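Encoded as structure tokens, the structure appears first; notes follow it.
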Amino acid sequence: MGFRRTSIYKSAAELRQMVAPGLVTAAGLAAVRSNIRPGITPLELDGIAEAAIIAAGGVSNFKLVPGYRHTLCISVNADVVHGIPSTRPLEPGDIVSVDGGADVAGWSGDSAFTVVVPDPARPELVAARQHLSDVTEQSLWHGIARLARARHLNEVGDSVQGYVEANPAPGSDEPYGILTDYIGHGIGRSMHEEPPVFNYRVRQKGPEVKAGLVVAIEPMVVAGDIDTFTQDDEWTVTTEDGGDAAHWEHSVAVHSGGIWVLTAVDGGAAQLAPLGVTPVPIP
Numbered sequence: 001m002g003f004r005r006t007s008i009y010k011s012a013a014e015l016r017q018m019v020a021p022g023l024v025t026a027a028g029l030a031a032v033r034s035n036i037r038p039g040i041t042p043l044e045l046d047g048i049a050e051a052a053i054i055a056a057g058g059v060s061n062f063k064l065v066p067g068y069r070h071t072l073c074i075s076v077n078a079d080v081v082h083g084i085p086s087t088r089p090l091e092p093g094d095i096v097s098v099d100g101g102a103d104v105a106g107w108s109g110d111s112a113f114t115v116v117v118p119d120p121a122r123p124e125l126v127a128a129r130q131h132l133s134d135v136t137e138q139s140l141w142h143g144i145a146r147l148a149r150a151r152h153l154n155e156v157g158d159s160v161q162g163y164v165e166a167n168p169a170p171g172s173d174e175p176y177g178i179l180t181d182y183i184g185h186g187i188g189r190s191m192h193e194e195p196p197v198f199n200y201r202v203r204q205k206g207p208e209v210k211a212g213l214v215v216a217i218e219p220m221v222v223a224g225d226i227d228t229f230t231q232d233d234e235w236t237v238t239t240e241d242g243g244d245a246a247h248w249e250h251s252v253a254v255h256s257g258g259i260w261v262l263t264a265v266d267g268g269a270a271q272l273a274p275l276g277v278t279p280v281p282i283p
């Protein structure tokens, strides 16, 4: 999915326009999350998301991507991102990443989460996959917290990588892998805009963090090697070694008063509080 070139800084009025699609995106993903269980299919979850987004006053912006016909990308186990919703029922113990977005009045929201389907028969597998998801989620929040005080955008990747490196799998000395071929992005009129948002350290500073910057931060973390391939469907990205994957994402706005997580109902307050950051609603 390519980037659209446009100004990376929005006006105050444009930032206000981005609140609604963020909340509609959150509503769609919340509906999906509450329905994930053994036996349900990703295609059924896709329908649930579409209905929730429409009911909240939006449309799927994933369907606006040329060649893509679904509301969500749902990636299971070794699939990392861009998984096409299938008719294969979810099984106990599956690690499932759900990525979705909504368009409201020509403005976009984009978010993703990962869950592990309960499996009482395999507690060790569930624990290992849950740890991978938890580390990925917390790396996202550490990146968002860094954005709140950063001077340049690429500081975000430093915090994401730092958290992942500090929290390997239990009993392992090797950190999880962070995908480098797939990164976050700016967001606004289009779901994918400039600038790129790296989930790892780079030498360049990146653009200045100032009012009007809106980005989708989305670490994609794997239990093994970071090498991937694209399936024959030309969308689904899968780890070459079959290792598990997790994906978390939020759209975040920087404004004159601070930051606001557009795709979290509380603006990210609950998750950012332990990190010393208080998000401020967009005025």
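What the sequence shown shows, in UniProt numbering, is residues 1 to 283, in sequence order. Idealized CB from N, CA, C, for every residue including glycine. Only a predicted model underlies this, so the values are computations on that prediction, with no experimental measurement involved.
Cut-off 7 Å between Cβ atoms - residues of its own chain near residue i, not counting five sequence neighbours on either side
i      : result
Lys205 : His152, Asn154
Ala253 : Leu15, Met18, Val214, Ile259, Trp260, Leu262, Ile282
Asn35  : Leu45, Ile48
His131 : Ala169, Pro170
Glu50  : Ser60, Thr71
Val104 : Ala20, Pro21, Val24, Gly57, Gly58
Gly83  : Cys73, Ile74, Ser75, Val76, Thr236
Ala128 : Ala169
Gly257 : Val280, Pro283
Leu43  : Pro85, Ser86, Thr87
Alpha-carbon spacing of residue i relative to residue j, whole angstroms
i      : j      : result
Val24  : Gly57  : 7 Å
Phe3   : Gly93  : With a pLDDT of 46 at Phe3, under the threshold of 50, the modelled position of this residue cannot be trusted; read the value that follows with caution. Each residue's alpha carbon lies about 35 Å from the other.
Ala20  : Val277 : 23 Å
Ile217 : Ile144 : 8 Å
Met1   : His185 : With a pLDDT of 46 at Met1, under the threshold of 50, the modelled position of this residue cannot be trusted, and the question is left open.
Ala270 : Gln161 : 22 Å
Arg122 : Asp99  : 26 Å
Ala245 : Arg201 : 20 Å
Val265 : Asp79  : 28 Å
Leu272 : Val81  : 25 Å
Arg37  : Glu124 : 19 Å
Asp158 : Pro279 : 21 Å
Pro85  : Arg69  : 10 Å
Leu275 : Ile53  : 31 Å
Val229 : Asp181 : Reading off the sequence shown, one finds Phe at residue 229, where the question assumed Val. Looking at the two C-alpha atoms, the distance is approximately 10 Å.
Glu137 : Gly267 : 16 Å
Ala166 : Pro175 : 7 Å
Ala148 : Ala26  : 21 Å
Ser172 : Gly67  : 41 Å
Val65  : Asp119 : 35 Å
Asn199 : Gly224 : 17 Å
Thr41  : Pro219 : 25 Å
Val126 : Asp233 : 28 Å
Leu39  : Ala112 : The residue asked about is misnamed: residue 39 is Gly in this sequence, not Leu. The straight-line gap from Cα to Cα measures roughly 21 Å.
Ala12  : Ser97  : 33 Å
Where the alpha helix (DSSP H) through residue i begins and ends
i      : result
Val265 : From DSSP, Val265 is part of no alpha helix (DSSP H); its letter is neither H nor E.
Gly186 : That residue, Gly186, is in no alpha helix (DSSP H); its beta strand (DSSP E) goes 184-186.
Val24  : 19-33
Ile36  : That residue, Ile36, is in no alpha helix (DSSP H); it is neither H nor E in DSSP.
Ala150 : From DSSP, Ala150 is part of no alpha helix (DSSP H); its letter is neither H nor E.
Ala245 : No alpha helix (DSSP H) contains Ala245, which is instead part of the beta strand (DSSP E) from 245-247.
Val160 : 155-166
Glu44  : 42-55
Gln271 : 269-272
First through last residue of the beta strand (DSSP E) which encompasses residue i
i      : result
Glu194 : 193-197
Ile259 : 258-261
Val237 : 237-239
Ile217 : 214-217
Val254 : 250-255
Val222 : 220-222
Thr230 : 228-230
Cβ-Cβ distance between residue i and residue j below 8 Å
i      : j      : result
Leu140 : His255 : no
Ile178 : Val164 : yes
Val156 : Arg146 : yes
Ile8   : Pro207 : yes
Trp248 : Thr87  : no
Leu90  : Val117 : yes
Gly242 : Val222 : no
Lys10  : Gly212 : yes
Gln231 : Thr239 : no
Ser133 : Ile95  : yes
Gly106 : Arg189 : yes
Neighbourhood of residue i by C-beta, 6 Å cutoff - its chain only, sequence neighbours within 5 removed
i      : result
Ala55  : none
Ala150 : Val209
Ile226 : Gly177, Leu179
Met191 : Asn61, Gly101, Ser108, Asp110
His142 : Ser159, Tyr163
8 Å Cβ shell around residue i - same chain, five flanking residues per side excluded
i     : result
Arg5  : Unreliable positioning characterises Arg5 in this predicted model, as indicated by a pLDDT of 49, which lies under 50. A coordinate reading is not provided.
Ala31 : Ile48, Ala49, Ala51, Ala52
**OP:** Please go through the segment 68-126 and give each complete beta strand (DSSP E) segment of 3 or more residues, from N-terminal end onward.
**Re:** Within the segment 68-126, the complete beta strand (DSSP E) segments at least 3 residues long are 72-76, 79-81, 95-104, 107-116, listed from N- to C-terminus.
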